[in-house]
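Q: After the structure tokens below, expect a handful of questions from me.
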Amino acid sequence: MGIEFPLPHVFEQLHGKAEDNWPPEASFLVAAYRGNVRRLKEIARSLDDRGRRGVEATVATTSYRGLNALHAAGGGGNLAVYRYLVEVVKMDVNMWDASAAKKTPLEHAVSGGNLPAVRYLLDHGADLHMEGDENVTALHRAAKKGKSVIVRFLLSRGAHVDGNSESGTPLHFAALKGHESTVEVLLEHHANPNKVVPSYLVTPLEAALIAASTPCVKLLVQAGANVNDANNYLAKAATEGLTEAIKCLLEAGANPNCPDECGRRPIELAAVYGRREDVELLFAFTSPIPNVSDWTVDGIINHAKLERIQLKDDAVFKKKTSDLKQQGDEAFDRQDYTNASLFYTEALRVDPSDCQMLVKRSRCWLRLGDGQKALEDATICKRSWRGSAEAHHCRAEALVLLKEYEKACEELSSGLELDPENDEMDKLFWEAMELKQKKVMPAQVSNTAET
Numbered sequence: 001m002g003i004e005f006p007l008p009h010v011f012e013q014l015h016g017k018a019e020d021n022w023p024p025e026a027s028f029l030v031a032a033y034r035g036n037v038r039r040l041k042e043i044a045r046s047l048d049d050r051g052r053r054g055v056e057a058t059v060a061t062t063s064y065r066g067l068n069a070l071h072a073a074g075g076g077g078n079l080a081v082y083r084y085l086v087e088v089v090k091m092d093v094n095m096w097d098a099s100a101a102k103k104t105p106l107e108h109a110v111s112g113g114n115l116p117a118v119r120y121l122l123d124h125g126a127d128l129h130m131e132g133d134e135n136v137t138a139l140h141r142a143a144k145k146g147k148s149v150i151v152r153f154l155l156s157r158g159a160h161v162d163g164n165s166e167s168g169t170p171l172h173f174a175a176l177k178g179h180e181s182t183v184e185v186l187l188e189h190h191a192n193p194n195k196v197v198p199s200y201l202v203t204p205l206e207a208a209l210i211a212a213s214t215p216c217v218k219l220l221v222q223a224g225a226n227v228n229d230a231n232n233y234l235a236k237a238a239t240e241g242l243t244e245a246i247k248c249l250l251e252a253g254a255n256p257n258c259p260d261e262c263g264r265r266p267i268e269l270a271a272v273y274g275r276r277e278d279v280e281l282l283f284a285f286t287s288p289i290p291n292v293s294d295w296t297v298d299g300i301i302n303h304a305k306l307e308r309i310q311l312k313d314d315a316v317f318k319k320k321t322s323d324l325k326q327q328g329d330e331a332f333d334r335q336d337y338t339n340a341s342l343f344y345t346e347a348l349r350v351d352p353s354d355c356q357m358l359v360k361r362s363r364c365w366l367r368l369g370d371g372q373k374a375l376e377d378a379t380i381c382k383r384s385w386r387g388s389a390e391a392h393h394c395r396a397e398a399l400v401l402l403k404e405y406e407k408a409c410e411e412l413s414s415g416l417e418l419d420p421e422n423d424e425m426d427k428l429f430w431e432a433m434e435l436k437q438k439k440v441m442p443a444q445v446s447n448t449a450e451t
């Protein structure tokens, strides 16, 4: 879980618990965070070289680890310190911090969940539509955090409900985190449930399935999400064992006879992954499959088991699988990742639970820049290949690409427990730690969780 810690906690980790030993600039920011104007001025006087600049000029120009006092104030949301910094010191309410995320004071207040501070900043010139890294706005951040009250307020002040960023609209952000109340607010304001993220080709409905959030799935379906587009949501729900989501999708008219990329229908996926309840649910809606001789629930489950055994034992299929793997490996070595992924997909038709193939295909998606597909394959692999360090490693690589550095560190930590001598994982762990610090610590303001 990616965490944004309270600013004092961050500095305790960096400099120890004794604040007297901290750099004065760190104590300065913590004073702003806590809303202690008197302490803020006191530290500013000590920082003012021989009184040349004056207290207010020192307050305005002092920063530490990419933050100034107005950014730091967002964590506590104390209006007295905002009034001093904005009305007396005249600090710029739209100044980005120096983090990779490029957050404004407004976004810091949003991340901290401080509605009065958000209102104050907007009333004093904060730009509601200002975009930071990856075109993210304050509304995107509020949606990602699940701050439904702030989301409603920002929309009332004119925020664009379908504002695009590189990772999607606010609805994508909320659905991917499973924030039901926030999804509901956005849909009430006519957010588009069928908007596609160009870089990932993900819709809000697919994001909700990735989050395994049946409540969000239901809200999106009720709002008119297309349940029969190319993403094959029913197959994804069957793969993940999301029984209630399967019911919802079927009731909305999702096609149970649409195969996934490996040619398997949702009912076959439910059988392959041993989910009898889902097989029973899909059975009444699915047309008989010609090569399943016993078209009953038990017959479908037994067919899935027997087919896997036969395919593994049959010399012809074993050779075919071996050839496909070899062709995939050769394409991968040539850096032809598109064709490599196709060969690995064909191999997975034979054995959908072949974790080595899932790892290889996941790494193709990584090199093609599709972090979401890489994560999906790695997640299936981790679930099926319990106790495997490689499964954790594969998932961590995808999380790094998606900039989920805290989650990546957790995966790598688990992987290193299983394989402590793995130099590649160890190297990636420290790289992810460094990236996490660059992303989180410079922009640190609140104690909210970024899942």
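Mapping to UniProt numbering: the sequence shown position 345 is 345, numbers consecutive.
C-beta atoms are modelled at their ideal positions from N, C-alpha and C, and glycine is treated no differently.
Computed from a predicted model, the values in this text were never measured in an experiment.
#1: Nearest by alpha-carbon distance to I380: which of N302, H15, V272 and F332 is it?
#2: Note down, in chain order, each residue of its chain lying with its Cβ closer than 8 Å to the Cβ of A80, except the 5 sequence neighbours on either side.
#3: Our contact map puts V110 next to R152 with C-beta atoms below 8 Å; I'd like the distance itself, whole angstroms only.
#4: Using a threshold of 8 Å, state whether the C-beta atoms of L234 and P204 are closer than that.
#5: Just mark P256 as buried or exposed, buried being the case when its beta carbon has 16 or more other beta carbons within 10 Å.
#6: Going by DSSP, what residue range makes up the alpha helix (DSSP H) through Y84?
#7: In this structure, what does DSSP give as the bridge partners for N68?
#8: Helix, strand or coil: which one does DSSP assign to V202?
#9: Hey, which unbroken runs of the alpha helix (DSSP H) at 4 residues or more fall wholly within the UniProt repeat "TPR" (321-354)?
#10: Just how far apart, CA to CA, sit L128 and W430?
#11: For V197, which of helix, strand or coil comes out of DSSP?
#12: From N94 to A207, what distance separates their C-alpha atoms?
#13: Assuming R264 is part of the alpha helix (DSSP H), what are its boundary residues?
#14: Give the straight-line distance between the Cα atoms of E131 and G163, rounded to the nearest whole angstrom.
#15: Alpha carbon to alpha carbon, what distance is there between T239 and Y64?
#16: Just tell me which of L250, S413, G263 and A254 has its CA closest to the CA of P352.
#17: Does any C-beta atom of chain C lie closer than 8 Å to the C-beta of V30?
#18: Should N232 go down as buried or exposed, given a rule of 16 or more other Cβ atoms within 10 Å for buried?
#19: With DSSP as the reference, label S99 as helix, strand or coil.
A: Concretely, from the data shown:
#1: V272
#2: G35 and V37
#3: Going by Cβ atoms, the distance from V110 to R152 rounds to 13 Å, so no, they are not a contact pair.
#4: no
#5: buried
#6: Here Y84 belongs to no alpha helix (DSSP H), and DSSP marks it neither H nor E.
#7: S63
#8: strand
#9: 337-350
#10: 36 Å
#11: strand
#12: 31 Å
#13: Segment: none, R264 is in no alpha helix (DSSP H) and carries neither H nor E.
#14: 10 Å
#15: 47 Å
#16: G263
#17: Any reference to chain C falls outside this structure, which holds one protein chain only.
#18: buried
#19: coil
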